[in-house]
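Q: Below is a structure I'd like to ask you about.
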Amino acid sequence: MSDYNHPILLDVSLYFLGINEIDELEEKLVTTGYLSIFWQDFRLSWDETLYNDIHIIYYPQDEVWKPDIVLYNGFQRFQQLGGSFYNVELWSDGQVQWMPFEVFESRCSLDTTYYPFDKQTCSIVFVIWSFTAGEVMISRSYEGLVYDEEFQENNVWEITNTSYSVFMSTRESRITFELQLRRKPLFYVISFITPVLILGLLNCLVFAIPSESGEKTGYSVTIFLSLAVFLSIITSVIPTNSETTSILGIFLLLQVIIGSLVLLITSLQLRLCQRGDRPSLWMLQNIC
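Residue numbers (the UniProt record's numbering): 1 to 288.
So this is what it looks like as structure tokens:
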């Protein structure tokens, strides 16, 4: 530790390699990256002239003091970042750099109102757990969130903006890295929305099929079941605890209701047409 009368100041940056996935059902963001953490520890300083002008050395992370920084909004229990095989970098002036590499699983509340044209904001929050802000403090992030040279874009999500903020109180200090995301909708438009719109149009064409053909009921049932399948698909990918309702889900539900009414009307049509010589109202006869 540097000076017992002053807190140790940490400079924390996040080098980002990419989004692995976003689990809509569990509302979980999985990312890969590594932290770059700087601090000053004068106990680890030395006079270069006494040691063959050695300026930098590397030391196992488990054999030097380091801050117990943890992922605050993670899915797993708190655990030490990095591993025993990681090294920290020590400078002769007492400056220390620690760069633990991790796959981060953090919570991310999703707003699925405009799915699949939705935009989300997810955060990755790190906090100093065992020390108060008067002992160890995240004071700044010199580089913030940085795209690593090995960064890879996600096939489903596009990062539109990034930011970070540092929060300090007498009890704790933490840093929040924020990702603003936009879903890439082309796949969903081609494989989901377009078929649903076509089914909605075909649903209305059942009245153009002659009752004598005997295909009206089968046609209506096929359309109805297809819409029901699409509705089950969307309910399987949207969080069950979502506080918002997807417009697409409402549209599909309406299509299923319309399909049920069409199936009911079609059944009545066939019933009226099969009454033979029995008298019926001329308006009902015209339906056939």
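Glycine included, every Cβ here is placed at the ideal spot set by N, Cα and C.
1) Short check: CB of LEU81 to CB of PRO100, under 9 Å?
2) Tell me the residue span of the beta strand (DSSP E) that contains ILE198.
3) Under a Cβ-count criterion, where at least 16 other Cβ atoms within 10 Å of its own Cβ denotes burial, should LEU197 be classed as buried or exposed?
4) If you run the structure through DSSP and keep just helix, strand and coil, what is LEU71?
5) Taking the C-alpha atoms as reference points, what is the distance between SER106 and GLY74?
6) So, is SER84 buried or exposed, given that buried needs 16 or more other C-beta atoms within 10 angstroms?
7) Would DSSP call ILE247 helix, strand or coil?
8) Using only CA atoms, which one of ASP11, LYS28, ASP111 and SER36 lies nearest to ILE247?
9) Return yes when the Cβ of TYR58 is within less than 9 Å of the Cβ of VAL103, no when it is not.
10) Tell me where the beta strand (DSSP E) around SER232 begins and ends.
11) Tell me, which residues are paired with residue 296 by DSSP?
A: Put simply:
1) By the CB criterion at 9 Å, LEU81 and PRO100 fall inside the cutoff.
2) Looking at the DSSP string, ILE198 is not in any beta strand (DSSP E); the run it does join, the alpha helix (DSSP H), is 194-204.
3) LEU197 comes out exposed.
4) It is a strand residue.
5) Take the alpha-carbon of SER106 and the one of GLY74: they are about 4 Å apart.
6) Exposed, since its Cβ has fewer than 16 Cβ neighbours within 10 Å.
7) Three-state result, ILE247: helix.
8) Considering only alpha carbons, the answer is ASP111.
9) No.
10) Premise fails: SER232 lies in the alpha helix (DSSP H), 216-237, not in any beta strand (DSSP E).
11) As displayed, the chain neither begins before 1 nor continues past 288, which places residue 296 out of reach and without an answer.
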